[in-house]
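Colleague: Just dropping this structure here.
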Amino acid sequence: MTESAQEILIRPGQTVRHYWRGLWLYRELLWFLSWRDVLVRYKQTAIGIAWALVRPLLTMLIFTVVFSVVARLPSDGEVPYALLVFTGLLPWFFFASALSETSNSLLANERMITKIYFPRLVIPLSSILVTLVDFIISGLLLLSLFLWFSFYPDWRAVFVPLFGLLGLSAALGPGLLMSALNVKFRDFRYVVPFIVQLGLYISPVGYSSSLVPEPWRLLYSLNPMVGVIDGFRWSLLGGEFDLYWSGFAASLAVNFLLLITGLAYFRRAERSFADVI
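All residue numbers for the sequence shown refer to the numbering used here, where the first residue is 1 and numbers rise by one.
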């Protein structure tokens, strides 16, 4: 029997045991939903996928003017302030988009959930994959900025995919939690935009985290996106940026705690999604 012809038999007491195997068998559904959402995302838009470039570019210009020209905040070493901002915006927009898409993913696929069986985790995972498209496109814009400013990363750039995975996990944990809560309590859909808006200002996007006073820096690092953004800057800005390793460890610990908590709650709640959605 070929793999495509395999069947999933649902028996009492074996759901947990076969859940992850079932998720793998439904990988084609994962890719299908991701591709569908990519097509729908930019359908009937005037400039299409270029929106993935316009939004971070305009935000970078505004932040550079406000924080560098008006507030006169310093950059790190010889790094152009626009590069400092964009290396923070790149992981932040990835996190914000992934969190927003994931938290609303179950409600957007209500009919599928009520009509057929499949591992519900497929839906938020497909939403995460869609945001990777914008992330890759914005990364190409960052390469253009490096060429424009004649500023190039060193060997530490090989760690960018690792910090990208950390950004994904930072969004996936809260996203799974919010998506499950959204099914039962619809007003949680208004919480996520507030979190994203607040997080933009309490995360080191438009400024360097080195500006935070030393006595408060470890506490500040409990924000899981602090470690992700600092990691991106450490790997892309070369020796001009020093990573605060104690804060990075604290941020990483909170990141994984949220991931485990979100996944555990989602797994516990998903058995009742079809009944309450």
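For each residue, glycine too, the CB sits at the ideal point set by N, CA and C.
(1) Where does Asn223 fall in DSSP's three states?
(2) How would you call Leu168, buried or exposed, if buried means at least 16 neighbouring beta carbons within 10 angstroms?
(3) Checking 8 Å against the spacing of the C-beta atoms, do Leu142 and Phe86 come in under that value?
(4) To the nearest angstrom, how far is the alpha carbon of Glu110 from that of Val70?
(5) Quick one: any contact between the segment 72–90 and the segment 131–146, if contact means 3 or more CB pairs under 8 Å?
(6) What three-state label does DSSP hand Leu99 in the structure shown?
(7) In angstroms with no decimal places, state the Cα-to-Cα distance between Tyr117 and Ala171.
(8) Please state whether DSSP places Gly77 in a helix, a strand or coil.
(9) By Cβ distance, which residues of its chain are closer than 8 Å to Leu90, with the 5 residues on each side in sequence left out?
(10) Within a Cβ cutoff of 6 Å, which residues of the same chain sit near Gly13, ignoring the five residues on either side of it in sequence?
(11) With DSSP collapsed to three states, give me the class of Ile260.
(12) In terms of residues, what are the limits of the alpha helix (DSSP H) holding Arg27?
(13) Grouping DSSP H, G and I as helix and E and B as strand, with all else coil, what is Val205?
(14) For Val54, which of helix, strand or coil comes out of DSSP?
(15) Measuring alpha carbon to alpha carbon, tell me which of Leu243, Asp275, Met225, Gly247 ends up nearest Phe94.
(16) Grouping DSSP H, G and I as helix and E and B as strand, with all else coil, what is Ser150?
(17) Would you please state the rounded distance, in angstroms, between the beta carbons of Pro124 and Leu23? I believe it to be under 8 Å.
(18) Thinking C-beta only, is Ser203 closer than 8 Å to Ser126?
(19) Once DSSP output is grouped into helix, strand and coil, what is the label at Ala71?
(20) Report all residues from its chain with a CB closer than 7 Å to the CB of Asn223; omit the five preceding and five following residues, and keep chain order.
(21) Please report the distance separating the alpha-carbon of Ala249 from that of Lys115.
(22) May I have the straight-line CA-CA distance separating Leu236 from Tyr19, to the nearest angstrom?
(23) Given this structure, state the Cα-to-Cα distance separating Leu166 from Pro213, to the nearest angstrom.
(24) Give the single residue among Leu259, Arg21, Gly239, Leu263 whose Cα lies nearest to the Cα of Trp155.
(25) How long is the line joining the alpha carbons of Leu243 and Trp234, rounded to whole angstroms?
(26) Could you compute how far the alpha carbon of Val254 sits from the alpha carbon of Phe149?
Modeller: Per the coordinate set shown:
(1) Taking the sequence shown and counting its residues from 1, the one referred to as residue 223 is at position 223. It is coil, neither helix nor strand.
(2) As a working note, residue 168 is residue 168 in the sequence shown. Looking at its Cβ environment, which holds 16 or more other Cβ atoms inside 10 Å, Leu168 is buried.
(3) Position 142 of the sequence shown, counting from 1, holds the residue named residue 142. Position 86 of the sequence shown, counting from 1, holds the residue named residue 86. For Leu142 and Phe86, yes; Cβs fall inside 8 Å.
(4) Within the sequence shown, the letter at position 110 stands for residue 110. Within the sequence shown, the letter at position 70 stands for residue 70. Cα to Cα, Glu110 sits roughly 47 Å from Val70.
(5) yes
(6) One-based indexing of the sequence shown puts residue 99 at position 99. Helix at Leu99.
(7) Along the sequence shown, read from residue 1 onward, the residue named residue 117 stands at position 117. Along the sequence shown, read from residue 1 onward, the residue named residue 171 stands at position 171. One C-alpha to the other measures close to 25 Å.
(8) The residue you call residue 77 lines up with position 77 of the sequence shown. Reduced to three states, the DSSP call for Gly77 is coil.
(9) Along the sequence shown, one-based indexing puts residue 90 at 90. Result list for Leu90: Pro56, Phe135, Ser138, Gly139, Leu142, Phe232, in chain order.
(10) Mapped onto the sequence shown, residue 13 falls at position 13. Caution is warranted here: a pLDDT of 44 is assigned to Gly13, below 50, making its placement in the model unreliable, and the coordinate value is therefore given only provisionally. For Gly13, where only same-chain residues beyond five positions count, there are no Cβ hits under 6 Å.
(11) The sequence position of residue 260 within the sequence shown is 260, counting from 1. Reduced to three states, the DSSP call for Ile260 is helix.
(12) Counting from 1 along the sequence shown, the entry for residue 27 is found at position 27. First-last of the alpha helix (DSSP H) with Arg27: 27–41.
(13) The residue given as residue 205 occupies position 205 in the sequence shown. Of the three classes helix, strand and coil, the one that applies to Val205 here is coil, per DSSP.
(14) For the purposes of this step, residue 54 is identified with residue 54 of the sequence shown, where counting begins at 1. Here Val54 sits in helix by DSSP.
(15) Counting from 1 along the sequence shown, the entry for residue 94 is found at position 94. Checking every option, the nearest Cα to that of Phe94 belongs to Met225.
(16) Counting from 1 along the sequence shown, the entry for residue 150 is found at position 150. Correct three-state label for Ser150: coil.
(17) The sequence position of residue 124 within the sequence shown is 124, counting from 1. The sequence position of residue 23 within the sequence shown is 23, counting from 1. Rounded, the Cβ-Cβ distance is 12 Å, inconsistent with contact.
(18) Counting from 1 along the sequence shown, the entry for residue 126 is found at position 126. Counting from 1 along the sequence shown, the entry for residue 203 is found at position 203. Cβ atoms of Ser126 and Ser203: not closer than 8 Å.
(19) For the purposes of this step, residue 71 is taken as the residue at position 71 of the sequence shown. It is coil, neither helix nor strand.
(20) As a working note, residue 223 is residue 223 in the sequence shown. Excluding sequence neighbours, Asn223 sits near Ile202, Ser203, Ser251.
(21) As a working note, residue 249 is residue 249 in the sequence shown. As a working note, residue 115 is residue 115 in the sequence shown. Approximately 43 Å between the Cα atoms of the pair.
(22) Mapped onto the sequence shown, residue 236 falls at position 236. Mapped onto the sequence shown, residue 19 falls at position 19. Between Leu236 and Tyr19, the C-alpha separation is close to 38 Å.
(23) Within the sequence shown, the letter at position 166 stands for residue 166. Within the sequence shown, the letter at position 213 stands for residue 213. Rounded to whole angstroms, Leu166 to Pro213 spans 25 Å at the Cα level.
(24) Taking the first residue of the sequence shown as position 1, residue 155 is located at position 155. Trp155 has its Cα closest to that of Gly239, out of Leu259, Arg21, Gly239, Leu263.
(25) To locate residue 243, count along the sequence shown from 1; it is residue 243. To locate residue 234, count along the sequence shown from 1; it is residue 234. Approximately 6 Å, taken between the alpha carbons.
(26) The count along the sequence shown starts at 1 and reaches residue 254 at position 254. The count along the sequence shown starts at 1 and reaches residue 149 at position 149. Answer to the nearest angstrom: the Cα atoms are 35 Å apart.
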